[in-house]
Amino acid sequence: MHRKQDLPQKQCAQCLRLFRWRRKWARCWQEVRYCSERCRRDARRSRGQEKTS
Numbered sequence: 070m071h072r073k074q075d076l077p078q079k080q081c082a083q084c085l086r087l088f089r090w091r092r093k094w095a096r097c098w099q100e101v102r103y104c105s106e107r108c109r110r111d112a113r114r115s116r117g118q119e120k121t122s
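If you want the working numbering, it's the position in the sequence shown, counting the first as 1, plus 69.
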């Protein structure tokens, strides 16, 4: 039986929460930086605000 506790973890670059490997990230796990689409969008928004300030 496969257990979720055995999956690799990373820390989200935006919210700093730990998140686990997902099957859809199997090919690109090295490039994954955010735990969700929302964090990815928020990170892009905050980067854009820094440039305009």
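All C-beta atoms, glycine included, are put in the ideal place defined by N, C-alpha and C.
Residue j and residue i - do their beta-carbons sit closer together than 8 Å?
i, j, result
"R89", "L76", "yes"
"A82", "R102", "yes"
"C84", "C104", "yes"
What three-state label does DSSP hand residue i in the structure shown?
i, result
"Q118", "helix"
"Q83", "coil"
"R89", "strand"
"Q74", "helix"
"R102", "coil"
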